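Under this note's numbering, the first residue of the sequence shown carries the number 25, and numbering increases by one thereafter.
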Amino acid sequence: MGINIYQEIGVIRSRMIYNNPVKRRRLHRFYRNILRPGDLCFDIGAHIGAQSATWLDLGTRVIAVEPNPRLFKFLESRFHRHPAIRLVQAAVSDQMGQLELHISSIAPTVSTLADEGWRKTLHDRSSFDVQWDQRLTTRVVTLQHLIEQYGPPAFIKLDVEDFEWQALMGLQVPVPFLSFEYFSYLPDRSTRCIERLAVLGDYEYNVSYREYFELAYPRWFTLEEMLAWIANRDPDAHSGDIYARQVRK
């Protein structure tokens, strides 16, 4: 198979955005307050491995899951000498099997299992003409399967482009700490994720805007406060990540 020049440009673009020194310092400063050496972490939607690399620097063990073949090849090259990381070429959903992956060669971070409606919404709100120019069938696993295979994680990062709820539906036990991406203009998606977590256990919540990797609020939210925050969010406000940690009894 020949080289896809657009995919190569996409990888270079991702490395410039997500692997620059400023971003790496932010990641290290943020996660050193969350993770401990020896922790097991799941990087679901690993992309180019920016967060995985930070976690490895902090002495954790990592399971990095990425369905995009070009990104997976990059991850293999980046981490092939590191014994503390296991790479899994798959997507994550609520059931084992296969699904269609929509790939954006130029912007691989938005490659997704999501339907056309979500892709159109993202396209219309994007600052550039994002296109999903490739489709392929990918292997799909569940979070529970990963836990049974590799052990219970201390932290799960979900960045799966509108498939967060489906991924959480494939989780059958609570985990101590996790994060998932939210979009201010799609509050129902975030609400469903929070409601799913409430079924699994007792959690408290915080937010990190955009790619800042710092908690936006000094006090963690209760379930009811987090749901209200989502419902009252300006649809045009920037997006980011919601962090959920188990409440210690």
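For every residue, glycine included, the Cβ atom is placed at its ideal position computed from N, Cα and C.
Remember, predicted model here, so these are calculated numbers, not experimental data.
Inset, instruction - Using alpha carbons as the reference points, say which of Met-120, Val-116, Thr-84 and Ser-128 lies closest to Arg-94. - result: Along the sequence shown, one-based indexing puts residue 94 at 70. Checked all of Met-120, Val-116, Thr-84 and Ser-128; the closest Cα to Arg-94 is Ser-128.
Inset, instruction - Return the CA-CA distance between Met-25 and Thr-133, expressed in angstroms with no decimal places. - result: One-based indexing of the sequence shown puts residue 25 at position 1. One-based indexing of the sequence shown puts residue 133 at position 109. Bear in mind that a pLDDT of 46 at Met-25, under 50, signals an unreliable position, so the number given afterwards is only what the model happens to contain. If I take the Cα positions, the gap works out to 22 Å.
Inset, instruction - Mind checking who Ser-203 pairs with in its DSSP beta bridge? - result: Along the sequence shown, read from residue 1 onward, the residue named residue 203 stands at position 179. According to DSSP, Ser-203 bridges with Lys-181 and Tyr-267.
Legend entry - Pairwise C-alpha distance: Val-184 and His-106: Within the sequence shown, the letter at position 82 stands for residue 106. Within the sequence shown, the letter at position 160 stands for residue 184. Spanning the two alpha carbons is a distance of roughly 24 Å.
Legend entry - Residue interval of the beta strand (DSSP E) (run including Ile-68): Here residue 68 refers to the residue found at position 44 when the sequence shown is read from its first residue. Taken as a continuous stretch (DSSP letters only), the beta strand (DSSP E) holding Ile-68 covers 64 to 68.
Inset, instruction - Please report how far the alpha carbon of Ile-171 lies from the alpha carbon of Phe-187, in whole angstroms. - result: By 1-based counting over the sequence shown, the position of residue 171 is 147. By 1-based counting over the sequence shown, the position of residue 187 is 163. Distance between the alpha carbons of Ile-171 and Phe-187 is about 19 Å.
Inset, instruction - Please confirm if the region 105 to 121 is in contact with the region 44 to 60, defined as three or more CB-CB distances below 8 Å between the two stretches. - result: Contact between the region 105 to 121 and the region 44 to 60 is absent, because fewer than three Cβ pairs lie under 8 Å.
Legend entry - Ser-232 - partner residues in DSSP beta bridges: One-based indexing of the sequence shown puts residue 232 at position 208. Answer is Asp-265, bridged to Ser-232.
Legend entry - Bounding residues of the alpha helix (DSSP H) (the contiguous stretch that carries Arg-213): Here residue 213 refers to the residue found at position 189 of the sequence shown. First-last of the alpha helix (DSSP H) with Arg-213: 211 to 224.
Inset, instruction - Identify, in the order they occur along the chain, each residue of the same chain with its Cβ nearer than 7 Å to the Cβ of Leu-51, setting aside the five sequence neighbours on each side. - result: As a first step, residue 51 must be located in the sequence shown, where it is residue number 27. Here the set comprises Ala-74, Gln-75, Thr-78 and Phe-237.
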